Structure formats: structure tokens, C-alpha cells
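For the sequence shown, my numbering gives the first residue as 1043, with consecutive numbering after it.
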Amino acid sequence: MVVDKNAEQIYLKTANLIYELRYKLKINEDEQIFLLNLLELTVNKKDKPEFLEVLKQWMKSYDNSELDEIIKATLLAIDWSDEESLQFNKDIINDLINEKNKLSSGGADTQEV
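Below is the structure:
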């Protein structure tokens, strides 16, 4: 569990916010589970920085595209208790992000010509 008191307060407030979003039907159950697992990962298991970096990279290019929906569905399907599943899905998401970036830069080049 969380060791630092400040981190514990942030953890609890964030978890409460996630539950509140679910209660108000702003997010669905799968999104709630994902957010709680992500919170757990970031606060308690700091040994997965590469996964967090992939998420940050995705957020930089997020535009609610079809590929973004596929990435989101992949994230929601992750078995967070299975290290292989986490690694496998991280690689898939990374590949999807790279493909999205290729399409974006390819689309921009086509429009300029």
C-alpha cells in the first residue's frame, strides 16, 4: 500500500473521484476498472515506467480517431494481474500509436502536394 502520507491522500482522493465519475455515469465500469488499475500502477508499482510512457505518447496524439478507439479498447481489455498480458498489450498499443503517427504524417504530406 501507499507509504507516504501525502501520496496516500492523493491516492484516496483520486480513487474517490473515479468512483464518483462512475456513480454519475460519466464513465463505464470498464473505464473505472482501468483507471483504478492505472492509479494502482502509478502510485504503488513504480516499476512500470515504460507502460506509463506509452500512455503519455498516446495522449500527445489523441484525437478520438478510429485508432484511438482501438487503443482504448485494448487498454480496457488488459489483464492487469498478468505481466505477460500487460507487456503484450503495451507492445500492441505502441505499434498502434506508431501506425497512427505514420498515417498522420503521411496524410499531411499528401495534402501539401
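Glycine included, C-beta positions come from ideal geometry on N, C-alpha and C. Since this is a predicted model, take the numbers as computed values, not measurements.
Within the stretch 1069–1115, the runs of alpha helix (DSSP H) at least 4 residues long that lie entirely inside it are, in chain order, 1071–1086, 1091–1103. In summary, Lys1132 is buried, with 16 or more beta-carbon neighbours lying within 10 Å of its beta-carbon over all protein chains present.
A contact between stretches requires three or more CB pairs, one per stretch, nearer than 8 angstroms, and the stretch 1096–1113 meets this requirement with the stretch 1134–1143. For Ile1120, there is no enclosing alpha helix (DSSP H), as DSSP gives it neither H nor E. Listed in chain order, the non-local C-beta contacts of Phe1076 below 8 angstroms within the same chain comprise Leu1117, Leu1118, Ile1120, local neighbours out to five positions each way being set aside.
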